[in-house]
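**Q** Mapping the first sequence onto our numbering, position 672 (from 1) lands on 701, and the numbers just tick up by one.
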Amino acid sequence: MDELPKNYDANISEQKWADYWKEKGTYKFDETRKKKIFSIDTPPPYASADHLHVGHAMHYSQFEFIARYKKMKGFNVFFPMGYDDNGLPTERFVEKKHNVNKNTITRANFIKLCLEETKKCGVVYYNLFTRLGFSIDWDLLFQTIDDRSRHVSQASFIALYKKKLLDHTDQPTTWCMTCQTTIAQADFENVDLQSTFNDIVFKSENQDLIISTTRPELIPACVALFTNPDDERYQKLKGKFAAVPLFNYKVPILFDETVDKEKGTGLMMCCTFGDKEDVEKWYKYKLPLKIVFTEDGRLNDSVPEFKGLKIKDARAKIIEALKNCGALIKQQPITHAVNVHERCGTEVEFMKKKQWSIRVLDKKDELIEAGNKVNWYPEHMKIRYEHWVRNLQWDWGISRQRYYGVPFPLWYCDKCGSVKFPEIKDLPIDPREQNPKTPCPCGNNTFTPEMDVMDTWMTSSMTPYINAHWTMQDEKKDFVPMSLRPQAHDIIRTWAFYTIVKAHFLENKSPWENIMISGHGQDPHGKKMSKSKGNFVVADEVIQKYSADALRYWAAGAKLGEDMPYQEKDVLTGKKTITKIWNASKFTMMNLKDYNASAINELDMHQLETMDRWLISKLMRLVKSSTDSFEKYEYSTAKRETDVFFWQNFCDSYLEFIKHRTYNSTDEESKLAAQKTLYYALLTQLKLFAPIMPFITEEIYQMYFKEFEREDSIHTTTWPEFTSELVDEKSERTGDLVVQIISEVRKYKSTKQLSLKAELNSVTIACKKDEQELLAGVAQDIKAIGLIKDLSFETSEELCVVIE
RNA sequence: GGACCUAUGGUCUAGUGGUAUGACGUCCGCUUGACUCGCGGGAGAUCCCCGGUUCGAAUCCGGGUGGGUCCACCA
């Protein structure tokens, strides 16, 4: 081995090894699949980010650790990347960035813009992920808008139809006025909004009926008043009608036990539609329909005096008009929770729309059961899934009145109205651009295409099947269930839920064997990172300053499932650790200069000295616990334990303890034993660190160990095996005593403000008899390490070191 | 309103039925032939509060309080 470079330059080395891995195809999935597969259902990030923050890096790093661990464990790791670039998230991103919307740009131009932006985002992700050293096989890349994904999601729609799990109904459904599309329950977000309770008078014969509402603009959509059948105040109203103020028409007064007597005046108006209650009452009592909004959230022709006003403006104007005619008698400010569309923050409204939906409400029990078949890590995250399923209120509406998404693969026959599907082999298709190849069974040959596109989750929920090339010619049979789904906890109700729904309905399978749920990287104060708040830490800048390994080191500190605030000092600790690994390795290699590693095959404890066995035995315990931790996806425990072992046992103790054996060696055998231990211990520790810090470990492996180990990369070597022959409790006990004694000696020198190199004339160790026996064999070590001239022993119940 | 998670030295953090881990900071010392991004040492924690189980609890159970997250509440 040549002279060692003095310093480690992470920026140069990390680029070098990233290039090396790419060139060698280190992380290629083996298509011949001779080894057992470990497959990862990688979260496809939305193609809607210009810069990525340390939270992104943290989330993806955490299962990258697992991918690397599994590879070293001998698995054929299937680690793809996907980009989620279809659907509303992308559309919103493009609309904002280019200041366009559905009404101001043609469909073709809009799709073109989406594709361009998507491409740019792909580059951003690729750059960060390769810079972080991710062991992704980029040949497995998919995009949710590509042919394969469109094929698979369209095929899933047809399959669900054939299994009679779909409904195609014209009914009131949740609607976003900004995005102008139907949306699903999972697309909601809850926010607290300031609003006003308005007490409004409805006249009924000679009585004033007061209702309280936050939505006076819905008064022209009022179709009935309701009160509780037990409410004594309103018994006389049975069979009566009330006059709607301002709009001068009459609505029936009805009784329903769901009305809360205590709330407001105990009277409520039912409009089409203000909330889910309205929808239910509308169905139950077969009430008329009075739609007052247009699809983009303005009052429509049915209210000529307010026509064209946006909802909020209409509210103000109507309140004013109510005031003027004396119908508004009281106003009171309130804060209340409102569902908004998570993509744009617009309050959820209702619109009657013909749409496709997947029936889930009548299958809650079996869906909860399906979730139980997956192993959840951490286990308590399963509860969130269960709660979500149990609390579902709507079937999964999958129609979106948008441009950029996967089209429904179907046409409607112009004559008989029945649906017509393409052949699976012809997918993907766009029914708006092509006609069916065969006529309708009714004989007719003219069709109308479905114009809507599918919910983006229709595609995302198919990621295991996209990876499996489901129903395609080159389908990978038995690929589902995949081994692992890694994802964050905030999308349990969407991605995890929808994926479980699809696999269960399509093939009565679990989509994966295991699911690991990670937390979020937050700002230093535990708040969510966002650009607008200015607490956004750009991943690239951290990497530039501290290295990718250091950022990964920080990411490995988060316990599975728990959010973690970003602390720059922890990245710095990572950087220090890397430097320490570099220096300790440099020192080890120096000591191994005249050591012929290829001469030994296996470590033999009988050839080692007590302190060597102490280290190796403790190392074995570390191997065991680290392996156990990784098996449970507890990378943070594995990292911490390895870290502590490396600093304390290896560097602070062992490396100091053997200096006298490797430098002032008169005893060649002793020196060789230390060298064997050094080689084995350093390589093992590098392997244990390799999943967390792939670059520095590779650097050192390449510099020294490769020559003997003969593998192209440390990442293709095998994970250390726990070997019970290498555990030696007696040596561990002895070594621990030595550490204790040396600590006392160091303490003495430190207190006396002496150099650790200072010699001591006489040291007496007082300890138990059996401890004396143990220590007898390492007396020479103690003397050499502590620079002690005379060492003697005394018997005592408690360990005590007397120094003169 | 419900559920889940969480509460540990100045700060962040690990863990356990027998008073506690590591990091950062702080103080003192050491240029020990890998490393000052270092080495050695010190100070600093009644492990949120109240009950219960136990020989023994900070660790288990119940209740409370604070924080986080998810869900419900939209008249």
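Just so it is clear, CB atoms sit at the ideal spot from N, CA and C, and this is done for glycine as well. A quick note: this is a predicted structure, and the numbers were derived from the prediction, not measured.
Return the CA-CA distance between I610 and L456, expressed in angstroms with no decimal places.
**A** Rounded to whole angstroms, I610 to L456 spans 53 Å at the Cα level.
**Q** In or out: L804 buried (at least 16 other Cβ within 10 Å) or exposed?
**A** It is buried - the Cβ of L804 has at least 16 other Cβ atoms within 10 Å.
**Q** When you compare only the Cα positions, how much space is there between R388 and L194?
**A** Spanning the two alpha carbons is a distance of roughly 6 Å.
**Q** In the DSSP output, which residue or residues are listed as bridge partners for Y112?
**A** Paired residue(s): Q172.
**Q** Once the 5 residues before and after D424 are set aside, which same chain residues still bring their CB inside 8 Å of it?
**A** Contacts found: D196, S386, I387, R388, V389, L390.
**Q** Grab me the residues of V830's own chain with a C-beta within less than 7 Å of its C-beta, minus the 5 sequence neighbours each way, in chain order.
**A** I770, E773, V774, V792, I794.
**Q** How big is the Cα-Cα spacing for D592 and L621?
**A** When rounded, the distance between both Cα atoms is 43 Å.
**Q** Would you tell me roughly how many angstroms separate the C-alpha atoms of V509 and D285, rounded to the nearest one?
**A** Between V509 and D285, the C-alpha separation is close to 49 Å.
**Q** Just reading off the beta strand (DSSP E) that R514 is part of, what are its end residues?
**A** Its beta strand (DSSP E) spans residues 511–517.
**Q** Tell whether a beta-carbon distance below 8 Å holds between Q422 and D481.
**A** Taking 8 Å as the Cβ cut-off, Q422 and D481 do not qualify as a contacting pair.
**Q** Bridge partners of N227, per DSSP?
**A** N227 is bridged to T242, Q360.
**Q** Keeping to the same chain, check which residues put their C-beta closer than 6 Å to that of E728; ignore five residues upstream and five downstream.
**A** Here the set comprises S42.
**Q** I'd like to know if the stretch 427–447 and the stretch 230–248 are in contact, where contact means that at least 3 CB-CB pairs between them fall below 8 Å.
**A** Too few Cβ pairs lie closer than 8 Å, so no.
**Q** By Cβ distance, which residues of its chain are closer than 7 Å to K100, with the 5 residues on each side in sequence left out?
**A** Once the five neighbours on either side are set aside, the close Cβ partners of K100 are V106, S164, H744.
**Q** Is it buried or exposed, N257, if we count other Cβ atoms within 10 angstroms and call 16 or more buried?
**A** Result: buried.
**Q** Return the Cβ separation of L396 and I248 in integer angstroms, given the expectation that the two are a contact with Cβ distance under 8 Å.
**A** Not confirmed; about 40 Å, so no contact.
**Q** With a threshold of 16 other CB atoms inside 10 Å of the CB of D31, please say whether the residue is buried or exposed.
**A** Confidence at D31 is low in this model, with a pLDDT of 49, below 50, so its placement is unreliable and the value that follows should be read with caution. Exposed, by the Cβ-count rule.
**Q** Throw me the rounded Cβ distance for the L117 and R581 pair, which I believe falls under 8 Å.
**A** Their Cβ separation, rounded to whole angstroms, is 32 Å, which puts L117 and R581 out of contact at 8 Å.
**Q** May I have the straight-line CA-CA distance separating E334 from E378, to the nearest angstrom?
**A** C-alpha separation (whole angstroms): 22 Å.
**Q** Could you give the distance in angstroms between the alpha-carbon of L316 and the alpha-carbon of L170?
**A** Distance between the alpha carbons of L316 and L170 is about 52 Å.
**Q** Quick check on D594: does DSSP put it in helix, strand or coil?
**A** Per the sequence shown, the amino acid found at residue 594 is Pro instead of Asp. Note: P594 maps to strand in three-state DSSP.
**Q** Measuring CB to CB, does Y112 end up less than 8 Å from A76?
**A** In this structure, A76 lies closer than 8 Å to Y112 by Cβ.
**Q** Can you give me the C-alpha to C-alpha distance between E452 and K141, rounded to a whole angstrom?
**A** So the alpha carbons of these two residues sit roughly 28 Å apart.
**Q** Put N404 into one of helix, strand or coil per three-state DSSP.
**A** Looking at N404 - three-state DSSP - the assignment turns out to be strand.
**Q** Any idea which residues DSSP pairs S233 with across the strands?
**A** Looking at the DSSP assignment, S233 forms a beta bridge with Q236.
**Q** When the distance is taken between beta carbons, is W583 closer than 8 Å to T763?
**A** Not closer than 8 Å, so no.
**Q** Which one or two residues does DSSP pair with Y441 in a beta bridge?
**A** Answer by DSSP bridge pairing, in chain order: V448, T477.
**Q** Please classify G400 as buried or exposed, where buried requires at least 16 other C-beta atoms within 10 Å of its C-beta.
**A** Under this definition G400 is a buried residue.
**Q** Report yes if the CB atom of P245 is closer than 8 Å to the CB atom of I348, and no otherwise.
**A** Their beta carbons are under 8 Å apart, which means P245 touches I348 by this criterion.
**Q** Rank M297, T485, T656, I544 by C-alpha distance to the C-alpha of E670 and give the top, closest one.
**A** Here the closest residue by C-alpha is T656.
**Q** Distance check for W405 and Y662, CA to CA, integer angstroms please.
**A** If I take the Cα positions, the gap works out to 11 Å.
**Q** Please name the residue, chosen from G555, P515, H416, V369, that lies closest to W204 on a Cα-to-Cα basis.
**A** It is V369 whose Cα lies nearest to the Cα of W204.
**Q** If contact is defined by three or more beta carbon pairs under 8 Å, each pair taking one atom from either stretch, is the stretch 259–279 in contact with the stretch 210–220?
**A** Because the criterion of three Cβ pairs below 8 Å is not met, the stretch 210–220 and the stretch 259–279 do not touch.
**Q** Once the 5 residues before and after S68 are set aside, which same chain residues still bring their CB inside 6 Å of it?
**A** Answer for S68: F107, M511, S512, listed in chain order.
**Q** So for M30, helix, strand or coil by DSSP?
**A** The pLDDT assigned to M30 is 47, lower than 50, so where the model puts this residue is not dependable; a value taken from the coordinates is nonetheless given after this. The answer is coil: DSSP assigns M30 none of H, G, I, E or B.
**Q** For M483 versus D325, is the C-beta spacing smaller than 8 Å?
**A** Contact flag unset, no.
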